[in-house]
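Q: Using the working numbering, you'd call the opening residue of the sequence shown number 178 and step up by one each time. Even glycine gets a Cβ: it sits at the ideal position worked out from N, Cα and C.
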Amino acid sequence: MPNPNEFPPDPLVEIQKIFDRVRERFSQGGPTRFNPWLIVVIGLLLYALSGIYIIAPDERGIVLRFGRVVREAEPGPGYHLPWPFEEVMKPAVTQIRKEEFGFRTVSVGPPARYRDVDPEALMLTGDENIVKLQFIVQFKVKTGATGATEFLFNVRDPEGTVRDAAEAAMREVLGRNAIDNALTEGKEQIQQDAQALLQHILDEYQVGLEVVTLKLQDVDPPDQVSDAFKDVISAQQDKERLINEARGYANDVVPKARGQAAQLINEAEGYSAAKIQDASGAAQRFIALQQEYEKAKDVTRLRLYIETMEQVLPRMNKILLDDVAGKQVVPYLPLDQVIKLKPAEAGKQ
């Protein structure tokens, strides 16, 4: 049995050698007798060379011996025993396959044309509403040691299994979500959850496939209630906009109000401290005055009277009356007006 790890001979070169030997055999002088064993040898050689195969870079070879997997072959040339002993299968492991749900591509365009498949698209949400959901699944054969083998032999129809599992996964995930979540900000999470669940199902089935992406195309309410749902979504968007505007206004006004409040508090604290300090000083002065008063009551009383007059009299209009000047005419001296006059004019008067 040839060693599969050795580089196989070039079949064209071997065939050319055989024909060269045949041509030399028949080109020798004189008639020659036909040798049937030569044909047998050529046939056996061609039969042996039929086991040569080449695996493309995007393929992986699965060598079968009497229908049983014996090894996997990497990209490049290789050799297996001729049929019916061994054969090689070459699944494309890097090819990205795609399945469409809820719609079908009629023409890739441009412009692209699609048709809806409502039985696949209509699904029930967790709050018992119906949505029209379209999505795609892209997948490929796993690149691990057993991915190609599982893809070829564990499931009769891998693509059909992907379709059934993907639809079941999407319906289960959508059944956990409310319709508002499915129509608005919850789409990304639904995609992630459905993809993870689909991969889990395929791994349990050992299909040998890897989910590359699961992407929602359109999520809409049924056509009969589409306008009503659009109004609801518009109202929700208006609500969010008003809330954001209110938050922005609050973020602008509240810091200003807090700053003004802090300023007023600081001013009040300063005013309080000043008043307390003034009151403390007045109290200290009063105590000192009381002590002086106890020492000399008459002198202290006179000093207080004089100090009080010094504070009061400058703010009052003053009139001086002289009892000695005479009783007939009231001697009147308008001091306030005299004070306002210039010194020269006051002297004349």
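So, for G253: in the same chain, excluding its five sequence neighbours on each side, which residues have a beta-carbon less than 8 Å away from its beta-carbon?
A: Closer than 8 Å at Cβ, skipping near neighbours: I231 and I232.
Q: Can you tell me which of Q394, E264 and V240 puts its alpha carbon nearest to the alpha carbon of K309?
A: Among Q394, E264 and V240, the Cα nearest to that of K309 is on Q394.
Q: Tell me whether P234 is buried or exposed, calling it buried when 16 or more other Cβ atoms sit within 10 Å of its Cβ.
A: When all chains shown are included, P234 counts as exposed.
Q: By the three-class DSSP mapping on this structure, what secondary structure does D304 have?
A: In the structure shown, D304 sits in coil (DSSP, three-state: anything other than H, G, I, E or B).
Q: Where are the alpha helix (DSSP H) runs, 4 residues long or more, that stay fully inside the segment 358-423, in chain order?
A: Segments of the alpha helix (DSSP H) lying fully in the segment 358-423: 364-382.
Q: Mind checking which residues open and close the alpha helix (DSSP H) that includes G255?
A: Here G255 belongs to no alpha helix (DSSP H); instead the beta strand (DSSP E) covers G253 to Y256.
Q: Helix, strand or coil, according to DSSP, for T320 in the structure here?
A: In this structure, T320 counts as coil in the three-state DSSP scheme.
Q: Between T326 and E344, what straight-line distance do the alpha-carbon atoms span, to the nearest angstrom?
A: So the alpha carbons of these two residues sit roughly 25 Å apart.
Q: Taking the C-alpha atoms as reference points, what is the distance between Q414 and D357?
A: Whole-angstrom Cα-Cα distance: 12 Å.
Q: Do you know how far the Cα of D197 is from the Cα of R340?
A: Spanning the two alpha carbons is a distance of roughly 57 Å.
Q: Using the C-alpha atoms, what's the distance from V384 back to R237?
A: Those two C-alpha atoms are separated by around 16 Å.
Q: If you pair each beta-carbon of the segment 371-383 with each one of the segment 395-409, do three or more pairs fall below 8 Å?
A: No, the segment 371-383 is not in contact with the segment 395-409.
Q: Using 8 Å for Cβ pairs, my map puts E251 next to H257. What's the rounded Cβ distance?
A: At roughly 14 Å, the Cβ-Cβ gap does not stay under 8 Å, so E251 and H257 are not in contact.
Q: From the DSSP output, in three-state form, read off D293 for me.
A: Here D293 sits in strand by DSSP.
Q: Taking the alpha carbon of A528 as the point to measure from, which residue in I239, P261, W214 and P213 has its own alpha carbon closest?
A: Residue numbering for the chain in the displayed model covers 178 to 526; residue 528 lies beyond these limits and cannot be assessed.
Q: Excluding five sequence neighbours on each side, which residues of the same chain lie with their C-beta closer than 8 Å to the C-beta of K194?
A: Answer for K194: no residue qualifies.
Q: Could you name the residues of the same chain whose beta carbon sits closer than 7 Å to that of L223, not counting the 5 residues immediately before and after it, in chain order?
A: Result list for L223: empty, nothing under 7 Å.
Q: Please name the residue in I378, Y291, M347 and E471 whose C-alpha comes closest to that of I367.
A: I367 has its Cα closest to that of M347, out of I378, Y291, M347 and E471.
Q: Can you name, in chain order, every residue of its own chain whose Cβ lies under 8 Å from the Cβ of F184, other than the five neighbours on each side?
A: Low local confidence applies: a pLDDT of 49 at F184 is under 50, so the model's placement there is unreliable, with the coordinate-based value given in what follows. Correct list, in chain order: P254.
Q: For S457, which three-state DSSP category applies?
A: Note: S457 maps to helix in three-state DSSP.
Q: Where does K275 sit, in a helix, a strand or coil, going by DSSP?
A: Reduced to three states, the DSSP call for K275 is strand.
Q: Between G436 and K364, what straight-line distance do the alpha-carbon atoms span, to the nearest angstrom?
A: So the alpha carbons of these two residues sit roughly 43 Å apart.
Q: Among A438, Y482, V396 and E387, which has the Cα closest to the Cα of V270?
A: Considering only alpha carbons, the answer is E387.
Q: In the DSSP assignment, what residue or residues form a beta bridge with A473?
A: According to DSSP, A473 bridges with nothing at all.
Q: Note the first and the last residue of the continuous alpha helix (DSSP H) segment covering V285.
A: Element bounds for V285: n/a, residue is neither H nor E.
Q: Since P268 and F312 should fall inside the 8 Å C-beta cutoff, what is the C-beta to C-beta distance between them, to a whole number of angstroms?
A: Contact doesn't hold; Cβ gap of about 26 Å is too wide.
Q: From F330 to M266, what does the alpha carbon distance come to, in whole angstroms?
A: F330 and M266: Cα-Cα distance of roughly 11 Å.
Q: Could you give the residue range of the beta strand (DSSP E) that holds E264?
A: E264 -> beta strand (DSSP E) spans E263 to M266.
Q: Could you tell me the distance, in whole angstroms, from the CA atom of A445 to the CA atom of I483?
A: A445 and I483: Cα-Cα distance of roughly 36 Å.
Q: Mind checking who R245 pairs with in its DSSP beta bridge?
A: Per DSSP, R242.
Q: Ends of the alpha helix (DSSP H) at V218?
A: Segment P213 to L226, the alpha helix (DSSP H) holding V218.
Q: Are there any heavy atoms of the ligand PLP lying less than 7 Å away from the beta-carbon of V388, as far as the coordinates show?
A: Within the structure as shown, the ligand PLP is missing, as the structure has no ligands at all.
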